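Quick notes on the structure that follows.
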Amino acid sequence: TVTSRHFLRKDETTLADVFRKNGYKTAIYGKWHLGDNYPYRPQDRGFEEALIHKGGGIGQTPDFWGNTYFDPVVFRNDQEEKTNGFCTDVWFQEAIEFIKNNKKKKIFHISCNKCST
């Protein structure tokens, strides 16, 4: 369950903030468990590109209703997007494309879904 206690304080600096400020391209793919609304979304916290599910977990409120790990609806920079495949494969394919598209630039990205136990 995500509650306001799980959000970063607005005045906290994230690694993405620091890297972006120093000329890195920044992206996150997968789990974002720190808020779904401004100013807590990943794109408000230093990530230029965000492809995530909402609510801290696929199928949890406020994620897309009826979502599953296969062919999930996710949110690219806060816009709904239907994907094809298992969610972890979707995240890592996006990360691979991000790396390929930015291979001559400094990059910082996070790709995960079930990194916690």
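Using the working numbering, you'd call the opening residue of the sequence shown number 414 and step up by one each time.
Note that the Cβ used here is the ideal one computed from N, Cα and C, for glycine as well.
Note that the coordinates shown come from a computational prediction; the quantities given were computed from them, not determined experimentally.
Collapsed DSSP secondary structure at residue i in the structure displayed
{"i": "T501", "result": "helix"}
{"i": "R433", "result": "helix"}
{"i": "E507", "result": "helix"}
{"i": "I471", "result": "coil"}
{"i": "L464", "result": "strand"}
{"i": "K423", "result": "coil"}
{"i": "K513", "result": "helix"}
Through-space distance from residue j to residue i, alpha-carbon basis
{"i": "Y451", "j": "F432", "result": "20 angstroms"}
{"i": "T530", "j": "P455", "result": "Because T530 carries a pLDDT of 42, less than 50, the predicted location of this residue cannot be relied on, and no value is offered for it."}
{"i": "G479", "j": "K467", "result": "13 angstroms"}
{"i": "F505", "j": "E494", "result": "16 angstroms"}
{"i": "E461", "j": "T427", "result": "13 angstroms"}
{"i": "T501", "j": "D430", "result": "25 angstroms"}
{"i": "E425", "j": "R489", "result": "23 angstroms"}
{"i": "A463", "j": "I441", "result": "5 angstroms"}
{"i": "I509", "j": "V486", "result": "20 angstroms"}
{"i": "K517", "j": "E507", "result": "17 angstroms"}
{"i": "G469", "j": "H419", "result": "10 angstroms"}
Range covered by the beta strand (DSSP E) that runs through residue i
{"i": "Q456", "result": "Neither: Q456 is in no beta strand (DSSP E) and is coded neither H nor E."}
{"i": "F521", "result": "I520 to C525"}
{"i": "Q492", "result": "Q492 to K495"}
The region 512 to 526 / the region 429 to 449 touching (three or more Cβ pairs under 8 angstroms): yes
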